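In the numbering used here, the protein residues as written are 1 to 67.
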């Protein structure tokens, strides 16, 4: 897990994404700019346009539990 800063570049990228939710666009742009493998969110529906894998918290927990 990484905690990443929200940079001016990430904001500019987010502003140019065709996403309805700006906060989701910011999270996505930060992940994209930092070459993150996956995003964990309860809002999977808001990330339909994501080129990054998106998981729910439950999916991640079951993965780590070997289910």
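Just so it is clear, CB atoms sit at the ideal spot from N, CA and C, and this is done for glycine as well. Computed from a predicted model, the values in this text were never measured in an experiment.
- Close CB contacts of residue 10 within its chain, under the 7 Å cut and outside five residues either way in sequence, are with 26, 29, 30, 33 (chain order).
- In the three-state DSSP reduction, residue 11 falls in the helix class (H, G or I).
- When secondary structure is reduced to three states using DSSP, residue 26 falls in the helix class.
- Judged by DSSP secondary structure, residue 54 falls within the beta strand (DSSP E) whose first and last residues are 53–55.
- Residue state for residue 39 is assigned as strand, using DSSP reduced to three classes.
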